[in-house]
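See structure below.
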Ligand SMILES: CCN[C@H]1CN(CCOC)S(=O)(=O)c2sc(S(N)(=O)=O)cc21
Ligand SMILES: [Zn+2]
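Numbering (the numbering used here), first residue to last: 44 to 271.
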C-alpha cells in the first residue's frame, strides 16, 4: 500500500481513501477552543491518578514518523478522571515535532501550535485482552498529551531519549535506552487538562482514544525538539 505521510499526495486530506476511519466523526487532533471548553465538576471529583514505574532498557524505535519508546507489560497505570472505573496500562510513548520549533504539536490551543507534543499511549486492560483488541473499541485507549515549549533549560528525561537517536537514524531501526526512564517526569507540575473522545492521530485513525491533554506545557531546548 502507498505509504501515508504528510505531503499533499499522501497526507491527512487523502488518508480516508486508504483508512476509512480517517473520515469519521471523532477524528484527532483537534484545535482546543478554550472559550467553549466546559469544566466538568465530576471530573474534579474523580482525580486522574497514575502509578508509573521507572523502567530501564526500554526499546526505542524509529517509526519513520518520529521515535517511539515501547513499554509493554509495564506496571505503569492510569485511572480515574474521564476513564470511569477502568484501568489503562502504558503501552508506549512517542513524540511529534516539526521542522522548526514554531510548529510540531498535533493539537493546537486557540489556533496556536506548540513546538512538539509527547503522547503516552495506554490501553484498557479492565475490558480488553490486548492492545490491538482495545484499539478496536471506543474506550480502548487513553492517550496523555503533553505540549513542548522551547526554552533555555533542557529536560533531562527527554535528553535520555534524544541522546539515543543518533543510533537509530533510519526507519525501522531500534536500540535500548540504558538509562532508567520515569514517565512521571514528563508530566507538567500543573495537572489541569482538557479531555475529549477522539482517535489515533495517524493511520489507521481508529476512533478509540479518550484524549487527556495537559494545559501546561513542559520546557525543552530547541535541540531536543527539532531533531532530524
Ligand atoms: C505511526 C503510527 N502511529 C500509530 C501506531 N499505532 C496504531 C496501531 O494500530 C492499532 S498506535 O496505536 O501505537 C498509535 S497511538 C497514536 S497517537 N499519535 O494518536 O497517540 C498513533 C499510533
Ligand atoms: Zn502521537
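Ideal Cβ positions, reconstructed from N, Cα and C, are used throughout, including at glycine.
By DSSP's criteria, residue i is part of a beta bridge. Which residues make up the other side?
| i | result |
| --- | --- |
| residue 217 | 104 |
| residue 98 | 224 |
| residue 241 | 252 |
| residue 140 | 159 |
| residue 110 | 105 |
| residue 121 | 93, 131 |
| residue 263 | 193 |
Can you round the beta-carbon distance between residue i and residue j to whole angstroms, since I take them to be within the 8 Å contact cut?
| i | j | result |
| --- | --- | --- |
| residue 139 | residue 146 | Residue 139 to residue 146, Cβ: 10 Å. No contact. |
| residue 102 | residue 113 | 5 Å |
| residue 256 | residue 79 | With a Cβ gap of about 15 Å, residue 256 and residue 79 do not count as contacting. |
| residue 72 | residue 244 | 5 Å |
| residue 89 | residue 124 | 6 Å |
| residue 122 | residue 143 | The Cβ separation is near 37 Å, so there is no contact. |
Looking only at C-alpha atoms, which of the options sits nearest to residue i?
| i | options | result |
| --- | --- | --- |
| residue 111 | 143, 135, 70, 118 | 135 |
| residue 190 | 216, 253, 155 | 155 |
| residue 173 | 143, 74, 133, 107 | 133 |
| residue 94 | 87, 86, 130, 73 | 130 |
| residue 87 | 70, 252, 127 | 127 |
| residue 248 | 194, 49, 67 | 67 |
| residue 62 | 246, 205, 252 | 246 |
| residue 184 | 229, 240, 82, 81 | 240 |
| residue 104 | 226, 233, 269, 211 | 211 |
| residue 253 | 266, 265, 237, 267 | 237 |
| residue 187 | 176, 143, 196, 242 | 242 |
| residue 268 | 232, 218, 200, 251 | 200 |
| residue 215 | 58, 107, 85 | 107 |
| residue 162 | 227, 213, 218 | 227 |
| residue 196 | 167, 265, 91 | 265 |
| residue 179 | 250, 207, 217, 109 | 250 |
| residue 69 | 209, 233, 182 | 182 |
| residue 230 | 85, 81, 160 | 160 |
| residue 115 | 59, 109, 166 | 166 |
| residue 217 | 81, 100, 85, 60 | 100 |
For residue i, which residues of its own chain have a beta-carbon under 8 Å away from its beta-carbon, when the five flanking residues on both sides are left out?
| i | result |
| --- | --- |
| residue 192 | 157, 158, 260, 261, 262, 263 |
| residue 53 | 45, 46, 47 |
| residue 55 | 49, 65 |
Once the 5 residues before and after residue i are set aside, which same chain residues still bring their CB inside 6 Å of it?
| i | result |
| --- | --- |
| residue 235 | 258 |
| residue 77 | 153 |
| residue 168 | 130, 132 |
| residue 164 | 134, 135, 186 |
Tell me which residues share the same chain as residue i and place their Cβ nearer than 7 Å to its Cβ, disregarding the 5 neighbours each side in the sequence.
| i | result |
| --- | --- |
| residue 203 | 220, 222, 224 |
| residue 96 | 117, 118, 119 |
Compare the C-beta of residue i against all C-beta atoms of chain B and say whether one is closer than 8 Å.
| i | result |
| --- | --- |
| residue 91 | Absence of chain B from the displayed structure is noted, only one protein chain being present. |
Give a single yes or no on whether residue i has its beta carbon closer than 7 Å to a heavy atom of ligand 4.
| i | result |
| --- | --- |
| residue 169 | Judged by which ligands are present, ligand 4 is missing from the structure shown, whose ligands are ligand 1 and ligand 2. |
_alpha helix (DSSP H) runs wholly inside the segment 58-94, at least 4 long, in chain order_ = 84-88
_What ranges does the beta strand (DSSP E) occupy inside the segment 148-227, keeping only unbroken runs of at least 3 residues that lie completely in it?_
159-167, 184-193, 217-220
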